[in-house]
Structures are given as structure tokens and as C-alpha cells.
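What follows is a single structure, written as C-alpha cells, with notes after it.
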Amino acid sequence: SKIWHNNTTTIHGATDYPPIKREDILESAQYFMGVALLAAQRSRDPSTQVGACIVNEEKKIVGVGYNGMPNGCGDDTLPWRRSGDSPVETKYFYVCHAELNAIMNKNSADLKGCTIYVTLFPCNECSKLLIQAGIKNVIYLSDKYHDDEKTVASRRMLDLAGIPYQNSFVRMKAVG
Ligand SMILES: O=c1ccn([C@H]2C[C@H](O)[C@@H](COP(=O)(O)O)O2)c(=O)[nH]1
Ligand SMILES: [Zn+2]
1 SKIWHNNTTT IHGATDYPPI KREDILESAQ YFMGVALLAA QRSRDPSTQV
51 GACIVNEEKK IVGVGYNGMP NGCGDDTLPW RRSGDSPVET KYFYVCHAEL
101 NAIMNKNSAD LKGCTIYVTL FPCNECSKLL IQAGIKNVIY LSDKYHDDEK
151 TVASRRMLDL AGIPYQNSFV RMKAVG
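Shown next as C-alpha cells:
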């Protein structure tokens, strides 16, 4: 076996020494959106799965969530359909949005100054929550409801509150 000398250390049997620092790593924005995308995979919503990842100013993850039915209500009891005879028979009256769940799942005292990575542009109700929670930046992936009234209202509130929102196109790369 090879013997490598590293100034003070002698390493026996190493096959890949000296270690070369990997430069081609996942950027932090890709990592956090990747976590949001992974969380979205937990959603039982058949049409739109949303994930959210909240990150503090030290770039530590402090909350993750995805859209789902409220705790204890059972994923199979409440409806997942988008339309029905009455809104009571649709998911919209019940589902907890990813942003709400990420906020409720927080593992820090507060979310002041945090950034949220979310796979769908936040609706008006979520933007209210983000503003009130002290979140200072929104990074989103899909904007498929850009022209919906709720999204128009959402942007209006974020603009007034001085919270920037940026689209992030993430290209997930294999980590080997
Ligand atoms: O800010 C948002 C907006 C929506 N969601 C969730 C709520 C629903 O489960 C889906 C949207 O369903 P559609 O069938 O596309 O109407 O997305 C969210 O988590 N956060
Ligand atoms: Zn929402």
C-alpha cells in the first residue's frame, strides 16, 4: 500500500490522498429549494404538491412543511377534489398550506429575518402569515397562478411590506 506524507502525518493505505476539496458542490439556494422540493413529495394533494423551507440569517434550516390536511383530520377523510357541489366538498376549506406548516414546524423562537424557499408562489393568506412572522425574503419556483386574484393580492402585500420575491430555477444535479 502507498504511504502518503502530509507534513506532520503519515497515512498508511490511503488511496485518495492528498484530499482535494470539492468545488462543484450544490449551491446553498439549490440545496434549500431542493429541501422544499423533497418536502413537497410528502404531500397527498393529487394536483399540486407544495413544499416550503425556512432558512435563518445563519443559513440554517429552521422550518420545513408541505401542504396537507390538519393534524388528526386524516388524509383520507377530508376531500382532495378541486371542485364539487359545495366548497365544503373540496380541499380548499381544509388543506393547510406548505408555508403555514413550515411556520408551525419552526424550531427557533421566531422567524425574523428569515428567507422562505417555496415551490409555489405564496397565496394571499400565506403572504399575510409570512409578513406577520417577520420573514424578509421569498424565493419561489412555480408561479403557475401568477394571474389569479389571490396572487395579485399576495404580490401587493409583499410589495407594500418591502419583502422581495425572486424566482429560482433550480437544476437539481446528482450528488455523487
Ligand atoms: O400558498 C400556497 C398556495 C397553495 N398551496 C396548496 C394548497 C393546495 O393543496 C394546492 C393548490 O391546489 P390546486 O389544485 O393547484 O388549486 O397548493 C400551498 O401550499 N401554498
Ligand atoms: Zn397559501
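For the sequence shown, the UniProt record's numbering begins at 1 and goes up steadily by one. The C-beta atom is built at its ideal place from N, Cα and C for all residues, glycine as well.
In its own chain, which residues sit with a C-beta less than 6 Å from the C-beta of residue i, not counting the 5 before and 5 after it?
i, result
"I131", "A161"
"K173", "Any reading at K173 must be qualified, since the residue scores a pLDDT of 45, below 50, and its modelled position is unreliable; no value is offered."
"C126", "H97, E99"
"residue 177", "Outside the shown range of the chain (1 to 176) lies residue 177, about which nothing can therefore be said."
Comparing C-alpha positions only, which one of the options sits nearest to residue i?
i, options, result
"R44", "V95, K60, V118", "V95"
"G142", "C73, S83, C123, M157", "Going by the sequence as given, residue 142 is Ser instead of Gly. Per the Cα distances, C123."
"A133", "L158, A40, E58", "L158"
"R81", "S47, L26, G68", "S47"
"G74", "Y165, K91, E58, K59", "K91"
Return the Cβ separation of residue i and residue j in integer angstroms, given the expectation that the two are a contact with Cβ distance under 8 Å.
i, j, result
"L129", "E149", "Not quite, the Cβ-Cβ distance comes to about 18 Å (not below 8 Å), so this is no contact."
"A52", "V118", "4 Å"
"N101", "Y140", "Not quite, the Cβ-Cβ distance comes to about 16 Å (not below 8 Å), so this is no contact."
Spatial neighbours of residue i within its chain, please: CB distance less than 8 Å, with the 5 preceding and 5 following residues excluded, ordered by chain position.
i, result
"T151", "F121, C123, N124, D143, Y145"
"T9", "Annotation note: pLDDT 49 at T9 (below 50); position unreliable, coordinate value reported separately. Closer than 8 Å at Cβ, skipping near neighbours: no residue."
"V62", "I54, V55, N56, K106, N107, S108, L111, C114"
"D24", "none"
Does ligand 3 have a heavy atom nearer than 8 Å to the CB of residue i?
i, result
"P70", "The ligand content of the structure shown is limited to ligand 1 and ligand 2, which means ligand 3 is not among them."
Considering only residues of the same chain and omitting the five flanking positions on each side of residue i, which have a CB-CB separation below 7 Å?
i, result
"A36", "G51, A52, C53, Y117, V118, T119"
"D41", "Per the sequence shown, the amino acid found at residue 41 is Gln instead of Asp. Once the five neighbours on either side are set aside, the close Cβ partners of Q41 are Q49."
Any C-beta of chain B sitting closer than 9 Å to the C-beta of residue i?
i, result
"E57", "Absence of chain B from the displayed structure is noted, only one protein chain being present."
- Length at least 3, wholly inside the UniProt domain "CMP/dCMP-type deaminase" (27 to 165): the beta strand (DSSP E) runs in chain order: 51 to 55, 61 to 66, 115 to 120, 137 to 142
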